[in-house]
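Single-structure report; data block below.
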Amino acid sequence: MMSELTYAMADPDYYAPVETLVERGRRYRPSKVPDGWQHAERNLWTSWSRTGRTLPAQGWKVHVSARAERLPAVLDVFAEECFARNICFKHVTAERLLLVLQHKHASRAQSGKLLVAYPDDEDLARDLMNVLSARLRDERGQYILTDRRFGDSKVVHYRYGAFTARRRLLPDGTGEAVIADSRGTLVPDLREPGWHLPEGIEDPFTPADAPEEEPEADFRGYAFEYAVRHSNGGGAYVGRQEATGRKVFIKEARDHTGLSWDGRSAPERMEREWRALTGLHAVRPGLCPQPLARFRVWEHEFLVTEFVEGVPLSTWVTTRTPLVRPHASREDFDRYFADCAAIIASLERQADELHEAGYVFGDISPGNVLIGPDGGARLIDFEAAHLLDEPPVAVATTGYAAPAHLCREDPRVRDAYGISALVRLMLGPNLGVVERCPRSLEHLRADLARRADVPPALWARAERYHPAGGPALLPGPEAVAADPRRHVRALRDEVARALTAMADPERTDRLFPTVPNGYSTNTVCVAYGTAGVLHALRHAEVAVDPALVERFRTDALAAGRRLAPGLHTGLAGVAWVLADHGLLDEAAELLAIAAAHPITGRRVGFAEGAAGVAMAHLALFEHTGDLAHVETAERLLAPARTDEGVVAGLAPDDPTGWLHGRCGVAWALAPLGAVTEDTGLLDRGVRLLCQELDRAMPGEGSSPHFPVSATDRRSMPYLFCGTAGMLRAVARYRRLRPDDRLTAVEGALTPRLRTRYTVMPGLYQGLAGLGFALTDLAAVSGDAEHREHALDTAAALFKYAVPGAGGVRFLGDGLQRFSADLWSGSAGILLFLHELLHPGRDRLFSLDRLCAKAAVDDGGSPSAP
0 MMSELTYAMA DPDYYAPVET LVERGRRYRP SKVPDGWQHA ERNLWTSWSR
50 TGRTLPAQGW KVHVSARAER LPAVLDVFAE ECFARNICFK HVTAERLLLV
100 LQHKHASRAQ SGKLLVAYPD DEDLARDLMN VLSARLRDER GQYILTDRRF
150 GDSKVVHYRY GAFTARRRLL PDGTGEAVIA DSRGTLVPDL REPGWHLPEG
200 IEDPFTPADA PEEEPEADFR GYAFEYAVRH SNGGGAYVGR QEATGRKVFI
250 KEARDHTGLS WDGRSAPERM EREWRALTGL HAVRPGLCPQ PLARFRVWEH
300 EFLVTEFVEG VPLSTWVTTR TPLVRPHASR EDFDRYFADC AAIIASLERQ
350 ADELHEAGYV FGDISPGNVL IGPDGGARLI DFEAAHLLDE PPVAVATTGY
400 AAPAHLCRED PRVRDAYGIS ALVRLMLGPN LGVVERCPRS LEHLRADLAR
450 RADVPPALWA RAERYHPAGG PALLPGPEAV AADPRRHVRA LRDEVARALT
500 AMADPERTDR LFPTVPNGYS TNTVCVAYGT AGVLHALRHA EVAVDPALVE
550 RFRTDALAAG RRLAPGLHTG LAGVAWVLAD HGLLDEAAEL LAIAAAHPIT
600 GRRVGFAEGA AGVAMAHLAL FEHTGDLAHV ETAERLLAPA RTDEGVVAGL
650 APDDPTGWLH GRCGVAWALA PLGAVTEDTG LLDRGVRLLC QELDRAMPGE
700 GSSPHFPVSA TDRRSMPYLF CGTAGMLRAV ARYRRLRPDD RLTAVEGALT
750 PRLRTRYTVM PGLYQGLAGL GFALTDLAAV SGDAEHREHA LDTAAALFKY
800 AVPGAGGVRF LGDGLQRFSA DLWSGSAGIL LFLHELLHPG RDRLFSLDRL
850 CAKAAVDDGG SPSAP
């Protein structure tokens with residue numbers, strides 16, 4: 000959540016690193032800087048060092064926390080002592096970036112580390128901490144959860160960790176920080192709440208028999224049962240009153256942290272919440288959770304209320320909505336809409352009572368509404384509640400917070416706006432799209448009308464603050480229904496126009512807009528980067544400036560050994576796209592690195608392991624005819640011949656699906672078996688698919704549902720995990736190696752894809768992917784009916800489309816900013832639309848042409864997929 004928030008801060012249209020934020024507020028800098036010291040800004044930090052100084056690789060870091068308003072003064076003391084001792088250090092650069100580090104949803108492990116020193120050795124660290132403890136004796140700051148405080152200081156902390164960035168590449172393309180233990184072995188540099196030391200490293204600053212930092216706690220007769228959630232501002236817990244056994248809800252606020260965007264700390268907001276709860280309960284008992292107690296233990300504030308039974312409204316909608324159920328009847332929708340109307344009416348009554356009592360709730364959102372066992376709705380979490388004449392608290396939930404201009408005259412609009420957004424959640428959560436294109440509601444209503452009649456009063460609430468109007472930059476639902484193919488073709492052209500316009504060669508961090516995952520992995524790869532966008536543009540037959548291809552080539556070669564090997568976020572996918580653009584030498588160079596990479600030897604999945612790397616080698620064989628690539632693919636997939644090899648090579652939680660499960664391994668075995676004429680590989684692929692089918696959970700009708708993994712029991716219909724990816728593999732194997740079970744299940748898999756609604760529109764995890772799987776099935780099976788269903792899916796994309804002067808764009812992962820990426824953004828949607836309108840082969844990392852050629856060369860039928 001915080002990742003999306005911070006990446007959405009710097010640019011109103013595209014995700015960007017928070018350090019690119021222009022409006023940073025007050026900048027921090029030591030008042031006096033001696034000669035010979037230089038500084039550099041990077042990410043959130045300003046670093047200071049003497050010319051020519053080299054940091055040790057690791058050691059004892061000194062962290063100093065501070066109250067936000069005291070940071071400049073504390074920085075001056077800290078910097079003065081570091082300058083005097085020739086110790087390199089860094090500090091948060093500016094006021095807005097401090098709020099990012101200390102925000103209520105920020106990383107608990109990083110929070111509080113506002114000033115960081117890197118002493119060369121243990122003695123220097125002790126000397127620095129001694130003098131800082133003395134000079135900052137009267138200062139107060141957040142307790143840093145990964146550290147120990149030094150002596151009796153409230154702001155000086157320390158931990159053992161890396162001084163210079165040293166990271167170990169992970170299969171998904173991200174990395175983990177590492178340090179050396181006492182034997183020189185690299186181990187994770189654990190940056191999580193709690194005190195951790197590498198093996199063989201001992202704390203030289205605190206005696207082994209020293210008492211724990213937190214004293215024995217007196218929780219005033221309340222006991223904690225379990226945590227509901229943890230945040231940087233403090234936890235939320237289910238507990239009980241020891242004297243009576245009564246179940247209670249306990250909320251925690253940590254000192255000097257958990258800031259909201261207005262700078263208020265968690266304890267400050269808790270104080271306001273307590274006043275609101277006690278004031279409301281006195282005049283309107285039952286309108287809010289009954290306040291029971293408020294007290295302080297150590298440096299934490301606690302608030303206890305009655306426990307309200309129920310599930311969050313977001314969970315209720317997910318489990319009750321008939322939108323995602325292909326077999327839902329009109330009666331199912333009527334019951335659902337009636338329940339929605341009752342919930343909304345109840346919330347409106349509660350809001351009216353609050354307003355009559357002189358309060359505004361301030362954050363009516365899915366997490367703050369519980370639906371009880373009787374179906375009744377109840378407002379909880381009054382953190383943002385305030386008197387009508389008080390300024391609001393800046394903690395409202397994105398998508399449910401009213402724009403400031405709507406609330407200037409009447410603060411009660413905050414609650415009415417939140418309720419309107421809840422209705423849109425119930426009817427089809429495209430909140431981010433509606434904010435940018437209110438006309439999308441017309442398409443949503445038309446989609447709903449195909450299955451049921453939305454009660455007019457309910458719909459009026461949904462569009463209350465977003466009435467359709469303004470220029471019609473997109474066709475209305477009636478026009479699309481009358482001639483869907485023409486309008487889908489026009490949509491395809493507008494998406495292509497916008498996608499090419501999104502390229503920004505001046506930027507060094509990325510060429511095309513991406514999502515937060517792109518920044519945390521790399522912006523060159525297939526899933527989130529340039530490779531995926533160029534892949535879509537090439538297969539959609541869109542002209543691309545050769546300079547962009549050259550930029551991709553340069554970036555890919557420069558990234559080289561820094562990338563993971565896999566097809567999804569690494570070298571194999573980049574090499575495949577380079578080869579498709581005629582850059583065969585470059586592709587071979589990167590693919591050789593991928594094949595020899597240690598991760599390839601440990602992982603077998605299609606996204607990050609041997610299956611994807613083997614497929615890329617077979618793609619290069621298709622381009623060059625060099626049998627060495629086939630031999631490499633055989634070697635890489637040797638572990639897939641046994642169940643033990645597959646299980647050992649999958650992710651630890653044993654996932655299912657095309658990208659990470661047995662389905663993806665089978666996907667790679669199919670072309671390898673066809674090319675090598677090894678029918679055993681095809682038989683093995685069938686067995687892997689059947690093993691995947693064995694894990695299916697019962698679904699509505701006869702359609703199987705697949706859990707994400709052994710530990711994540713959610714079922715999804717998407718390409719990356721779930722029905723759509725499974726269907727693509729089953730359809731191919733049915734024609735390559737007929738099997739009764741696969742024949743029987745193919746028809747059972749398709750109904751779940753015939754929907755006009757998913758939360759997101761993208762290719763791998765949204766509606767476009769379901770449509771692509773249907774077009775794929777039509778091409779493989781020859782059944783044109785699947786393509787008609789895919790056309791219906793494409794028409795449904797209009798409710799996610801945001802038109803503009805440069806064309807039509809789509810919001811990427813998180814639905815807060817536009818993205819060009821293949822995974823969730825415009826590139827994936829373009830690829831689907833073009834495949835629908837101009838059927839072809841091998842547009843999404845399949846090798847059907849290679850299989851067909853192998854079949855012909857072997858005397859088989861050229862109609863094989």
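Just so we're aligned, residue 0 is where the sequence shown starts under numbering that gives the first Met the number 0, counting upward by one. Just so it is clear, CB atoms sit at the ideal spot from N, CA and C, and this is done for glycine as well. Given the structure is predicted, the values throughout are model-derived calculations rather than measurements.
Residue i vs residue j beta-carbon contact at 8 Å
i    : j    : result
A502 : A539 : no
V394 : E382 : yes
R550 : D579 : no
R165 : E175 : no
W666 : F605 : yes
A105 : N231 : yes
Y225 : I249 : no
L688 : V646 : no
Y527 : D171 : no
P638 : H596 : no
L547 : L510 : yes
G608 : L589 : no
T396 : S364 : yes
L562 : L556 : no
R794 : V532 : It is Ala, not Arg, that sits at residue 794 in the sequence shown. No; because the gap between Cβ atoms is not below 8 Å, this pair is not in contact.
L476 : E3   : Sequence check: residue 476 is Pro here, not Leu. No, these two residues do not count as a Cβ contact at 8 Å.
T256 : E191 : no
A615 : A669 : no
Strand pairing of residue i, partner residues [DSSP]
i    : result
I370 : V310 and A376
G233 : S230
P708 : The displayed chain sequence assigns Ser, not Pro, to residue 708. In DSSP, S708 forms a bridge with P654.
A252 : E300
Residue i (DSSP reduced to helix, strand or coil)
i    : result
L741 : helix
C287 : coil
K246 : strand
M715 : coil
L668 : helix
V112 : It should be pointed out that residue 112 corresponds to Lys in this sequence rather than to Val. The answer is coil: DSSP assigns K112 none of H, G, I, E or B.
C720 : coil
Q764 : coil
L846 : coil
A851 : helix
L620 : Sequence inspection shows Phe at residue 620; the Leu mentioned does not correspond to that position. Helix.
T678 : helix
Y117 : strand
R294 : Per the sequence shown, residue 294 should be read as Phe rather than Arg. Looking at F294 - three-state DSSP - the assignment turns out to be strand.
Bounding residues of the alpha helix (DSSP H) (the contiguous stretch that carries residue i)
i    : result
Q101 : E94 to Q101
Q349 : R329 to E355
R271 : A265 to V282
L498 : P483 to A500
C524 : It is not in any alpha helix (DSSP H) - C524 carries neither H nor E in the DSSP assignment.
L457 : P455 to A461
H833 : S825 to L836
heavy atom of the ligand NAP below 7 Å from residue i C-beta
i    : result
D151 : What this structure holds is no ligand at all, so the ligand NAP is not there to describe.
Start-to-end residues for the beta strand (DSSP E) that takes in residue i
i    : result
Q815 : That residue, Q815, is in no beta strand (DSSP E); it is neither H nor E in DSSP.
I942 : Since the first residue shown for the chain is 0 and the last is 864, residue 942 is missing from the structure and cannot be characterised.
H229 : Y221 to S230
R158 : V155 to A161
L582 : Taken as a continuous stretch (DSSP letters only), L582 belongs to no beta strand (DSSP E), as it is neither H nor E.
R808 : G806 to R808
V603 : Neither: V603 is in no beta strand (DSSP E) and is coded neither H nor E.
E898 : This structure cannot speak to residue 898, because the chain is shown only from 0 to 864.
Cβ of residue i within 8 Å of any chain B Cβ
i    : result
L114 : The chain inventory of the structure shown lacks chain B, comprising one protein chain alone.
>> Suppose only complete runs of 4+ residues qualify. What are the alpha helix (DSSP H) ranges in the stretch 371-441, listed by chain order?
In response: 403-406, 412-426 and 430-435
>> In chain order, what are the residue ranges of uninterrupted beta strand (DSSP E) at least 3 long that sit wholly in the stretch 5-70?
In response: As far as the stretch 5-70 is concerned, its whole beta strand (DSSP E) runs of at least 3 residues are 36-41, 44-49 and 57-63.
> What are the start and end residues of each continuous beta strand (DSSP E) run of 3 or more residues lying completely inside the stretch 505-551, in chain order?
Replying inline: none
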